[in-house]
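Data first, discussion second: the structure below is written as structure tokens.
Number of protein chains: 2
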Amino acid sequence: MSVVGNAANVINPYSHVPVYRQLADILRQQIQSGEFGHLDVLPSEKALVQTYGVGRDTVRSAIALLRDEGLVFTVPHRGTYIGPRPE
Amino acid sequence: MSVVGNAANVINPYSHVPVYRQLADILRQQIQSGEFGHLDVLPSEKALVQTYGVGRDTVRSAIALLRDEGLVFTVPHRGTYIGPRPE
DNA sequence: CTGTATTTGTTCGTATGTATT
DNA sequence: AAATACATACGAACAAATACA
Numbered sequence: 001m002s003v004v005g006n007a008a009n010v011i012n013p014y015s016h017v018p019v020y021r022q023l024a025d026i027l028r029q030q031i032q033s034g035e036f037g038h039l040d041v042l043p044s045e046k047a048l049v050q051t052y053g054v055g056r057d058t059v060r061s062a063i064a065l066l067r068d069e070g071l072v073f074t075v076p077h078r079g080t081y082i083g084p085r086p087e
Numbered sequence: 101m102s103v104v105g106n107a108a109n110v111i112n113p114y115s116h117v118p119v120y121r122q123l124a125d126i127l128r129q130q131i132q133s134g135e136f137g138h139l140d141v142l143p144s145e146k147a148l149v150q151t152y153g154v155g156r157d158t159v160r161s162a163i164a165l166l167r168d169e170g171l172v173f174t175v176p177h178r179g180t181y182i183g184p185r186p187e
């Protein structure tokens with residue numbers, strides 16, 4: 001398959017699906033496909049802003065969604081990690 | 101004219117011009133007027149925060165602007181120097 | 001060699017303002 | 001009115017490199 005035109009990893013600002021949900025979908029897919037290892041760090045907010053060309057609010061909304069789903073947990077000033085929050 | 105009340109060196113938080121751009125304007129003016137010598141060190145981020153009463157983000161954004169303009173270059177853990185980046 | 005201080009780098013937390021849908 | 005989105009702004013915490021006494 002061609003790499004170009006693969007919409008799976010690309011934000012579509014014209015979609016009816018909010019950008020933050022599209023971003024959450026992309027990250028969720030990457031996490032579940034094992035693209036990141038368990039306890040690996042998710043790219044930082046800044047990195048995601050740059051990679052996907054969206055605002056910080058949007059990145060934070062997407063991460064909050066994944067956090068609510070139990071897919072990641074965030075440690076203040078450290079980063080967001082893959083996996084359920086340890087007890 | 102009096103030095104006091106010269107708005108050229110003062111941040112106006114109520115301006116439509118973002119604070120980081122105002123700060124960049126002030127520093128750019130000082131650099132171009134020869135207030136600092138070539139290869140002198142710009143005041144540290146901490147010093148600029150204190151001098152102008154702004155946040156560190158703002159200082160870093162202003163410096164990044166000057167860096168993009170080629171007016172200064174930053175050496176990690178050393179400081180930001182006046183002049184184009186040496187090769 | 002060993003601390004201590006300084007400085008930039010990086011990260012998330014929070015808030016406000018504005019614009020668009 | 002409410003949700004979404006982006007830019008700006010300040011804060012806090014810690015890391016890492018450097019310099020120096």
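Same order as they appear, the protein sequences are chains A and B.
With the first letter of the first sequence counted as 1, position 30 gets the number 30 in this note's numbering; the numbers rise by one all the way through.
Basically this note's numbering = 1-based index in the second sequence + 100.
Glycine is no exception: its CB is placed at the ideal position from the N, C-alpha and C atoms.
Euclidean distance between Cα positions of residue i and residue j
i: residue 105 (chain B); j: residue 10 (chain A); result: Note that residue 105 (chain B) scores a pLDDT of 40, beneath 50, so its modelled location is shaky; the value from the coordinates is reported in the next line. Rounded to whole angstroms, residue 105 (chain B) to residue 10 (chain A) spans 51 Å at the Cα level.
i: residue 70 (chain A); j: residue 84 (chain A); result: 5 Å
i: residue 86 (chain A); j: residue 73 (chain A); result: 9 Å
i: residue 162 (chain B); j: residue 178 (chain B); result: 18 Å
i: residue 127 (chain B); j: residue 45 (chain A); result: 29 Å
i: residue 43 (chain A); j: residue 80 (chain A); result: 8 Å
i: residue 39 (chain A); j: residue 75 (chain A); result: 12 Å
i: residue 134 (chain B); j: residue 182 (chain B); result: 10 Å
i: residue 164 (chain B); j: residue 132 (chain B); result: 17 Å
i: residue 25 (chain A); j: residue 108 (chain B); result: 48 Å
i: residue 147 (chain B); j: residue 141 (chain B); result: 12 Å
N- and C-terminal bounds of the beta strand (DSSP E) containing residue i
i: residue 111 (chain B); result: Careful: residue 111 (chain B) lies outside any beta strand (DSSP E) and carries neither H nor E.
i: residue 117 (chain B); result: Per DSSP, residue 117 (chain B) belongs to no beta strand (DSSP E) and is neither H nor E.
i: residue 75 (chain A); result: 72-75
i: residue 79 (chain A); result: 79-82
Neighbourhood of residue i by C-beta, 8 Å cutoff - its chain only, sequence neighbours within 5 removed
i: residue 3 (chain A); result: Interpretation of residue 3 (chain A) is limited by its pLDDT of 42, a score under 50 that renders its predicted location unreliable; the figure taken from the coordinates is listed afterwards. For residue 3 (chain A), where only same-chain residues beyond five positions count, there are no Cβ hits under 8 Å.
i: residue 121 (chain B); result: 162 and 165
Cβ-based burial, residue i [other Cβ within 10 Å; buried from 16]
i: residue 114 (chain B); result: exposed
i: residue 59 (chain A); result: buried
i: residue 16 (chain A); result: exposed
Proximal residues to residue i (C-beta, below 7 Å), its chain only, five neighbours per side dropped
i: residue 30 (chain A); result: 36
i: residue 154 (chain B); result: 111, 119 and 123
i: residue 168 (chain B); result: none
i: residue 152 (chain B); result: 111 and 123
Same chain, Cβ closer than 6 Å to residue i, neighbours up to 5 away in sequence not counted
i: residue 149 (chain B); result: 156 and 159
Residue ranges of each beta strand (DSSP E) within the stretch 12-69 of chain A, 3 or longer
none
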